[in-house]
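*Asks:* Take this structure first; my questions come after.
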Amino acid sequence: MPASQPDAPAYPVGLRLSGRRVVVLGGGQVAQRRLPGLLAAGADVLLVSSSATPAVQAMADAGELAWERRRYRAGDLEGAWYVLVATDDPRANEAASAEAEERRIWCVRSDDADAATAWTPATGRSEGVTVAVLTGRDPRRSAAVRDAVVEGLRDGTLAAPHRRARTPGVALVGGGPGDPDLITVRGRRLLAEADVVIADRLAPRELLDELPPSVQVIDAAKIPYGRAMAQEAINAALIEHAKAGRFVVRYKGGDPFVFGRGMEEAIACAEAGVPCTVVPGISSSISVPGAVGIPVTHRGVAHEFTVVSGHVAPGDSRSLVDWRSLARLRGTLVVLMGVERVREIAAALVEYGRPGDTPVAVVQEGTTAAQRRVDATLETVAEAVRAEGVRPPAVIVVGEVVAVGP
Ligand SMILES: C[S@@+](CC[C@H](N)C(=O)[O-])C[C@H]1O[C@@H](n2cnc3c(N)ncnc32)[C@H](O)[C@@H]1O
Numbered sequence: 001m002p003a004s005q006p007d008a009p010a011y012p013v014g015l016r017l018s019g020r021r022v023v024v025l026g027g028g029q030v031a032q033r034r035l036p037g038l039l040a041a042g043a044d045v046l047l048v049s050s051s052a053t054p055a056v057q058a059m060a061d062a063g064e065l066a067w068e069r070r071r072y073r074a075g076d077l078e079g080a081w082y083v084l085v086a087t088d089d090p091r092a093n094e095a096a097s098a099e100a101e102e103r104r105i106w107c108v109r110s111d112d113a114d115a116a117t118a119w120t121p122a123t124g125r126s127e128g129v130t131v132a133v134l135t136g137r138d139p140r141r142s143a144a145v146r147d148a149v150v151e152g153l154r155d156g157t158l159a160a161p162h163r164r165a166r167t168p169g170v171a172l173v174g175g176g177p178g179d180p181d182l183i184t185v186r187g188r189r190l191l192a193e194a195d196v197v198i199a200d201r202l203a204p205r206e207l208l209d210e211l212p213p214s215v216q217v218i219d220a221a222k223i224p225y226g227r228a229m230a231q232e233a234i235n236a237a238l239i240e241h242a243k244a245g246r247f248v249v250r251y252k253g254g255d256p257f258v259f260g261r262g263m264e265e266a267i268a269c270a271e272a273g274v275p276c277t278v279v280p281g282i283s284s285s286i287s288v289p290g291a292v293g294i295p296v297t298h299r300g301v302a303h304e305f306t307v308v309s310g311h312v313a314p315g316d317s318r319s320l321v322d323w324r325s326l327a328r329l330r331g332t333l334v335v336l337m338g339v340e341r342v343r344e345i346a347a348a349l350v351e352y353g354r355p356g357d358t359p360v361a362v363v364q365e366g367t368t369a370a371q372r373r374v375d376a377t378l379e380t381v382a383e384a385v386r387a388e389g390v391r392p393p394a395v396i397v398v399g400e401v402v403a404v405g406p
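Under the UniProt record's numbering, think of the first position of the sequence shown as 1, with each following residue one higher.
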């Protein structure tokens, strides 16, 4: 038998633990960190420990693992495939480790990596890929490499094309309010996988510059629509590209379902038999006020917020907004697409009963380098917007929350 070589590299392997007994000794921070992974792998976990952190206790209370409230005793590893030794009693750790060796059970030790027969890699997951990194005795470096790889896979900056054929179809991706960092991880990844991107004006443009030249980027506003409506032409373009076998990202500002016509596109895809997935985005209605320090709710100040479209003025027969009722609410009112009709909107709110001195903030191009905020009241906001030259895109926030910030 060859002699043991302590400096030999570890042999990486993926354990399939589903339904198999894993014994965890000690219910402290180490167990708390490792247990979620073991449970996610389907392991039949027995925890032996006289105490547990609240998070570990919650797993036991939820029936996710069996917990015996006592110290380790010889024989506890009976039937185990794998053991994690992490008690604060060095003698118990030694004894359990010796039992594992005796029974030929792979044993991880939190107190003594050299004495362990197995090491836990730094692991992360992204879309069905498990990344596991071992660097010998430098766990911080393992974690840093893991983070870099997982982050790169998630946001698409690490190009790792999969051989699995890309499914043609459409993804409606909410790009967030404007700052390119405020798109979701999934949105960014799908963007990186797209063959075709049909982009709205308010979706963060910087991310389009990062796409490879092979990706066809189409400005939604420039799709010719002839006798059809613009929206119908966009729907037709989505369907045409997807039916030609391409993966199409419909890239929008904010969230696709907040004044984003996302459902019209989802329905059009469904009717055409084109698979369509929706990726939520951070809506400007909440994040743009937040970016300038306005919370849409605040304890003791506003227990509700209402988001309305101001794209048609109060009194216009096409408006579906009940301005009379809105004026009676005490909470926060957020108006999108209203900057050009702010005079009529403010006047209607005052006429129907909201006090004229109610604070109002208008935030233009929130979360971008051009962000600016103009403060006023319902009585003065129309003049302030005119005098300051506020232009769309802007969010109007009405209510006492405007004044609660530091
Ligand atoms: C057609 S709506 C789309 C809203 C989007 N789906 C969302 O969830 O944010 C466009 C309006 O959103 C608001 N908006 C979007 N992005 C904004 C930003 N960065 N700053 C201020 N307002 C913004 C403006 O009121 C603009 O007129």
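The beta-carbon is built from N, C-alpha and C at its ideal position, and this holds for glycine as well.
Heavy atom of ligand 1 less than 7 Å from the Cβ of L207, yes or no?
*Replies:* no
*Asks:* Pull up the DSSP beta-bridge partners for D44, would you.
*Replies:* R21
*Asks:* Measuring CA to CA, which of P224, L77, L329, V173 is closest to V350?
*Replies:* L329
*Asks:* Sort out for me which residues DSSP pairs S309 with in a bridge.
*Replies:* L336
*Asks:* Between the beta-carbon of V23 and the beta-carbon of L38, is there less than 8 Å?
*Replies:* No.
*Asks:* Check whether the Cβ atoms of S309 and T367 lie closer than 8 Å to each other.
*Replies:* Not in contact: S309 and T367 (Cβ atoms no closer than 8 Å).
*Asks:* With a threshold of 7 Å (Cβ to nearest heavy atom), would F259 be considered close to ligand 1?
*Replies:* yes
*Asks:* Using three-state DSSP, classify D219 as helix, strand or coil.
*Replies:* strand
*Asks:* Within its chain, find whatever has a CB closer than 6 Å to the CB of A41; leave out the 5 residues flanking it on each side and keep chain order.
*Replies:* Excluding sequence neighbours, A41 sits near L17.
*Asks:* By DSSP, does W323 sit in helix, in strand, or in coil?
*Replies:* helix
*Asks:* Assuming V279 and L153 make a contact with CB atoms under 8 Å, what is their CB distance in whole Å?
*Replies:* Between L153 and V279 the Cβ distance is about 17 Å, and since that is not below 8 Å, they are no contact.
*Asks:* In chain order, what residues of the same chain have a beta carbon less than 7 Å from the beta carbon of R341, not counting five sequence neighbours either side?
*Replies:* So the qualifying residues of the chain are G310, A313.
*Asks:* Could you tell me whether the stretch 255-265 touches the stretch 211-227, where touching means 3 or more Cβ pairs closer than 8 Å?
*Replies:* no
*Asks:* Tell me whether the stretch 378-388 and the stretch 193-202 touch, counting them as touching only if at least three CB pairs, one residue from each stretch, are closer than 8 Å.
*Replies:* no
*Asks:* When you measure from the CB of G175 to every non-hydrogen atom of ligand 1, does any distance come out below 7 Å?
*Replies:* No; taking the cut-off as 7 Å, the Cβ of G175 has no heavy atom of ligand 1 nearer than that.
*Asks:* Would you list the residues sitting across from Q231 in a DSSP beta bridge?
*Replies:* Paired residues: none, contrary to the question.
*Asks:* Taking 7 Å as the limit between beta carbons, can you name the residues of its chain near Q231, skipping five residues before and five after?
*Replies:* R261, E264
*Asks:* Check whether the stretch 25-37 and the stretch 54-74 touch, using three or more Cβ-Cβ pairs below 8 Å as the test.
*Replies:* yes
*Asks:* When every heavy atom of ligand 1 is checked, does at least one fall within less than 7 Å of the C-beta of S319?
*Replies:* no
*Asks:* May I have a chain-ordered list of the alpha helix (DSSP H) segments no shorter than 4 residues that lie completely inside the stretch 127-207?
*Replies:* 139-155, 185-193
*Asks:* In whole angstroms, give me the CA-to-CA distance for A192 and F247.
*Replies:* 11 Å
*Asks:* Does DSSP classify A58 as helix, strand or coil?
*Replies:* helix
*Asks:* Below 8 Å on the Cβ atoms is my contact criterion, and I expect P212 with I183 to pass it. Report the Cβ-Cβ distance as a whole number of Å.
*Replies:* Incorrect: roughly 18 Å between the Cβ atoms, too far for contact.
*Asks:* Please classify P90: is it buried, with 16 or more other beta-carbons within 10 angstroms of its beta-carbon, or exposed?
*Replies:* exposed
*Asks:* Excluding sequence positions up to five away, which residues of its chain have a Cβ less than 7 Å from the Cβ of R141?
*Replies:* T135
*Asks:* Going by Cα to Cα distance, which pick from V397, T277, V374, V249 is closest to S284?
*Replies:* V397
*Asks:* Within 8 Å (strictly less), CB to CB, does M59 reach chain B?
*Replies:* The structure shown contains no chain B, having only a single protein chain.
*Asks:* Does ligand 1 have even one heavy atom less than 7 Å from the beta-carbon of V398?
*Replies:* no
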